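Note sheet for the following structure.
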Amino acid sequence: MGRWSWVLAVLASLCVAACNTVAPNRLSLADTAQLRFTGIEVRTAGAAINWTGAEDEYLRSRNLSLTDPALVRTPEAQGYIRDLAGRRLKAAVERALASRPDGARPARLVVTLVAADIPSAAQRILIGGSPTVRATIEIVDARTGAVLSTYSGDQGMRPAGQGVLGVVVDGALTAGGMDDQFDRAANDFARRFKAWLAASA
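Residue 25 in this note's numbering sits at position 24 of the sequence shown, and the numbers go up by one each step.
In structure tokens form, the structure reads like this:
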């Protein structure tokens, strides 16, 4: 059951990713190639974040109990989780764009995190689930502040270990240096954005 549930989760992830309707790039091929990204701003206010790992990290950093759900509903806790998600998503976009050739036209990226769903080990054991990150990215002219184009309607999604055995193996791989679930999904989202740019350039 564990093996088949993992296979089904992977297939479901691929299906959902394939069914996303991504907004077309409003820039021409030549204009897209001319972009030079000078900064990335990530906004997380209002994002729906389900990320047990970040909650546990906050509680440990404050030496608080890991068994009281009310402790992660405070404004401080929610701010910590949003800030962590924002920094990790920004790093993923930076990594994805590091090898992209720069053009001559300076532009900024405004990334708005819409949702992050990082299923806990317990969830993946009982019902399954794959980490997903959904966001929008506005390409903003650095000189005028005008929005040149918007990347929206897509999400990053990657498989994670399902069932007891899958969770154990996944945990061992993460401990051994593999990206954790948030970074896997964020990296996938960032790679999709880079591919969207390349397809238009």
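Yeah, the Cβ is synthetic: ideal placement off N, Cα and C, and Gly gets one too.
Computed from a prediction, not measured in an experiment: that's the story for all the values here.
Contact belief for residue i with residue j at Cβ below 8 Å, rounded distance in angstroms
i       : j       : result
Val-115 : Lys-91  : The Cβ separation is near 15 Å, so there is no contact.
Ala-108 : Leu-149 : 7 Å
Met-158 : Ala-186 : 6 Å
Residues sharing a beta bridge with residue i, DSSP
i       : result
Tyr-152 : Ile-138
Phe-190 : Note: Phe-190 sits in no beta bridge, so no partner.
Asn-51  : Asp-118
Thr-22  : The partner list for Thr-22 (beta bridge, DSSP) is empty, contrary to what the question assumes.
Thr-133 : Asp-118, Met-158
Element boundaries [beta strand (DSSP E), containing residue i]
i       : result
Pro-107 : 106 to 119
Gly-40  : 36 to 44
Boundaries (first-last residue) of the alpha helix (DSSP H) holding residue i
i       : result
Ile-128 : Unbroken run through Ile-128: none, as it is neither H nor E.
Ala-78  : 76 to 98
Given 8 Å, three or more beta-carbon pairs between the region 129 to 146 and the region 68 to 85: no
At least three beta-carbon pairs within less than 8 Å, the region 71 to 87 to the region 40 to 55: yes
Contact between the region 120 to 127 and the region 20 to 39 (3+ Cβ pairs under 8 Å): no
The region 165 to 173 touching the region 187 to 199, judged by at least three CB pairs closer than 8 Å: no
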